[in-house]
Amino acid sequence: MGRCSLSIQPAGLLDDALRALEPTFRLDNLVALSSDRALYHGWDRLLKRSVSIRVHLAAEAPGRAWFMRETETLAQLDHPAIRHVYAAGEIASFAYRTANWIEGESLADALRRGPRPIPQGMSLIRDLLAALEHAHARGIIMRRIVPSTLMINTGGQGVITDLRYSNWCLPYLPPMQADDAGAAYMAPEVRAGEPGEPASDVYTVTANIYAALTGNAPDLDPSQIVPPRQLRQAVPAAVERVIVRALSRVPKDRYYTATEMLEDFVSDAGTFQVLAAAPAVTESGFERRLRRALGDDYELLEEIGAGGFGRVYRARDLALERDVAIKVLHPALTADPGVVERFRREAQLAARLRHPNIVAILDIMGRAGLTWYTMEYVPGSNLAQVIQRHGTFSLDQTERLLNEALSALEHAHSVGLIHRDLKPENMLIDPDGRLRITDFGLALALRGGARFGGATSRSGTPQFAAPEQLLGERVDQRADLYSLSAVAYFALLGRPPFSGKTPEQILAKQTTDDVPPLAAERRDVPREVEDVLRRALRSEPAARFHSASAFHAAVRGAFGGFLRRLAALFRPES
Numbered sequence: 297m298g299r300c301s302l303s304i305q306p307a308g309l310l311d312d313a314l315r316a317l318e319p320t321f322r323l324d325n326l327v328a329l330s331s332d333r334a335l336y337h338g339w340d341r342l343l344k345r346s347v348s349i350r351v352h353l354a355a356e357a358p359g360r361a362w363f364m365r366e367t368e369t370l371a372q373l374d375h376p377a378i379r380h381v382y383a384a385g386e387i388a389s390f391a392y393r394t395a396n397w398i399e400g401e402s403l404a405d406a407l408r409r410g411p412r413p414i415p416q417g418m419s420l421i422r423d424l425l426a427a428l429e430h431a432h433a434r435g436i437i438m439r440r441i442v443p444s445t446l447m448i449n450t451g452g453q454g455v456i457t458d459l460r461y462s463n464w465c466l467p468y469l470p471p472m473q474a475d476d477a478g479a480a481y482m483a484p485e486v487r488a489g490e491p492g493e494p495a496s497d498v499y500t501v502t503a504n505i506y507a508a509l510t511g512n513a514p515d516l517d518p519s520q521i522v523p524p525r526q527l528r529q530a531v532p533a534a535v536e537r538v539i540v541r542a543l544s545r546v547p548k549d550r551y552y553t554a555t556e557m558l559e560d561f562v563s564d565a566g567t568f569q570v571l572a573a574a575p576a577v578t579e580s581g582f583e584r585r586l587r588r589a590l591g592d593d594y595e596l597l598e599e600i601g602a603g604g605f606g607r608v609y610r611a612r613d614l615a616l617e618r619d620v621a622i623k624v625l626h627p628a629l630t631a632d633p634g635v636v637e638r639f640r641r642e643a644q645l646a647a648r649l650r651h652p653n654i655v656a657i658l659d660i661m662g663r664a665g666l667t668w669y670t671m672e673y674v675p676g677s678n679l680a681q682v683i684q685r686h687g688t689f690s691l692d693q694t695e696r697l698l699n700e701a702l703s704a705l706e707h708a709h710s711v712g713l714i715h716r717d718l719k720p721e722n723m724l725i726d727p728d729g730r731l732r733i734t735d736f737g738l739a740l741a742l743r744g745g746a747r748f749g750g751a752t753s754r755s756g757t758p759q760f761a762a763p764e765q766l767l768g769e770r771v772d773q774r775a776d777l778y779s780l781s782a783v784a785y786f787a788l789l790g791r792p793p794f795s796g797k798t799p800e801q802i803l804a805k806q807t808t809d810d811v812p813p814l815a816a817e818r819r820d821v822p823r824e825v826e827d828v829l830r831r832a833l834r835s836e837p838a839a840r841f842h843s844a845s846a847f848h849a850a851v852r853g854a855f856g857g858f859l860r861r862l863a864a865l866f867r868p869e870s
């Protein structure tokens, strides 16, 4: 904060105060000045620390006893979210108190730039409710907290700086002005002159949170307060529920205590608190644990997928206010530190991929015994769901699928990343029909040492894995080409080329190279296209295409040759 430009100064009083304080404090900046008070940012010469120095200038002024009572009230409290008084005294005709200097800005100043980020608002809820718990345990009801005196330090923590209107100061309060700018932030019963109760403080804190999240002060009439999500859709539904209850007109309809509100908020909206890992996690318990682990980063919206590796949720990124997908690994997998380390390493590699047909990994995190990664949210369905709902692909759809998938594989293979688990469930189709491949490299990370090389599918059988992968042999990019060709068969026929009840049965069919003919069921598939797919399905890697680029060129040639022949049939004779 810099020096205020104020023209009115109480004659002589301010100079007298400065001279008296100067031996102990260096007064650097005048921050605020009124007819009987001044606030300085200064330096404690003895303790070598930055301090705020509040001076009351006139002993005869009616506010002197009020000033001293507020100082006494602040001194009863020792909490990081409440300004801490260091010392106080009276010299000649003026009184002063020193307190910690807060680097930051008031909530009112911050709101001039617009509503605050959702995570900051959620952090404020915890900071302020914890401060209320501390004050209420000492019999102090704050009654009035307003954005102009609620500071936000450089670490994002909220700090209450003004207790002039607390119950301890009631005998010294002047009559409330009808146009008090802070009225919207006070509980109705406090505005009516009542001393207030803990539920009154729940109201005043929540009114500030409402302003922080929406950019608007709440209506003076609680029944007319607009729910936060109508003003800002990104506000989590769980947070809105807590806010609406806390801003009820009647105290008994609010939370009885700050502790009750904090517990409700933490249980539903999440917290950064680190929880002990539990050996057994129930369905509801798992989501509750995850919600807590996600804390202020994400709002959990819905489960959109599940498999052997874990679950996938649609969530709201509260900082960037966008939907994302979060894949949470099964706790049984993350119990092994080696698995977690491999997972992080592969996720870091996959996060480098930037391609329009690859779902980008945005972040990887772990907390409370859970590990997850965040990726783009792709609205739509995976290929398996599309085939199940709408039937097999047309030739044009299959061509697009192959072209987009091979373009993605060319990019991934060029940086040394092999997917290892291409299957319909990992191939998402967005509303525009564009392919988006997910889970690059994670099969190796999570099941690299397991039998059948980590290949999986939703059905639990590795129907789309290359033979060398099922045999546990070393794999290269040609394994992905095999899997993609198997996926193409699935798109055209509605089933993979080789089926079986066990991986061994599937492997036995694969090694015969007896690929079921497409023409028997899909007479519209050109021979050139079938030949390309059959080559990519050869059991020996050396007999397949040597790269995604070669496979891609063959696909373009096969579909292009078919179109040329088709055009020739309709070409008029010369």
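Once you know that position 377 of the sequence shown is 673 in my numbering, the rest is easy, because the numbers rise by one and skip nothing. Beta carbons: idealized from backbone N, C-alpha and C, even for Gly. Being a predicted model, the structure only gives us computed values, none of them experimental.
Buried or exposed by the 16-neighbour rule on C-beta atoms within 10 Å, applied to residue i
i	result
H337	buried
T510	buried
R408	exposed
S348	buried
A704	buried
A313	buried
T734	buried
V455	buried
R315	exposed
I378	buried
R770	exposed
L586	buried
Q801	exposed
G745	Residue placement at G745 cannot be trusted, given a pLDDT of 47 that sits under 50; what the coordinates show is reported in the next sentence. G745 should be labelled exposed.
P532	buried
L317	buried
L829	buried
T694	buried
P799	buried
N504	buried
A402	The sequence shown places Ser at residue 402, not Ala. S402 should be labelled buried.
Among the options, nearest to residue i - alpha-carbon criterion
i	options	result
V783	L731, V771, R322	L731
A404	S444, M557, F847, V531	S444
P411	V327, R528, A656	R528
Q684	D374, H707, E700, E721	E721
R525	D515, D517, Y506	Y506
P547	A483, D332, R607	A483
A508	M418, V538, R834	M418
D809	A839, A775, V501	A839
V711	A656, R648, G768, W668	R648
M661	D692, V682, L590	L590
A602	I539, S389, I622	I622
K719	S677, S779, W668, D619	S779
L614	V636, L645, A530	A530
R422	T694, E556, V608	E556
L343	D772, Y552, P319	P319
S544	E826, D560, L323, L516	L516
R610	E595, L616, P491	E595
A357	E366, E368, W339, R333	R333
L428	E559, A488, T450, T553	T553
L679	T367, M671, P415, F689	F689
A355	V562, E700, L309, D476	L309
P627	D593, E642, A762, W668	W668
F639	D659, Q773, A388	D659
A388	L597, R831, R612, L353	L353
P471	T450, R550, A488, Y481	A488
Rounded Cβ spacing between residue i and residue j (contact assumed at less than 8 Å)
i	j	result
L698	V851	5 Å
H380	H430	12 Å between Cβ atoms; not a contact.
G796	P727	No, G796 and P727 are not in contact; Cβ-Cβ is about 35 Å, not under 8 Å.
R440	V498	At roughly 13 Å, the Cβ-Cβ gap does not stay under 8 Å, so R440 and V498 are not in contact.
A775	R818	In fact, because the Cβ distance is near 25 Å, the residues do not count as touching under 8 Å.
Query - Start-end ranges of the beta strand (DSSP E) lying completely within the segment 431-492, minimum 3 residues - result: 446-449, 454-456
Query raised in the report: Can you find at least 3 beta carbon pairs, one from the segment 784-797 and one from the segment 809-828, that sit closer than 8 Å?
Result: yes
**Report entry** Minimum length 3: unbroken beta strand (DSSP E) runs contained in the segment 643-669
**Finding:** Correct list: 657-663.
Query raised in the report: Which whole runs of the beta strand (DSSP E) in the segment 375-441 are 3 residues long or more, in chain order?
Result: Listed in chain order, they are 381-387, 390-396, 400-402.
Query raised in the report: In the segment 785-857, which residue ranges form an unbroken alpha helix (DSSP H) of at least 4 residues, counting only runs that do not cross its ends?
Result: 799-806, 823-832
Query raised in the report: In chain order, which beta strand (DSSP E) runs of at least 3 residues are fully inside the segment 679-727?
Result: 723-725
Query raised in the report: Does the pairing of the segment 435-442 with the segment 459-468 give three or more beta-carbon distances under 8 Å?
Result: yes
Query raised in the report: What are the complete beta strand (DSSP E) segments, minimum 3 residues, inside the segment 599-633?
Result: 606-613, 618-625
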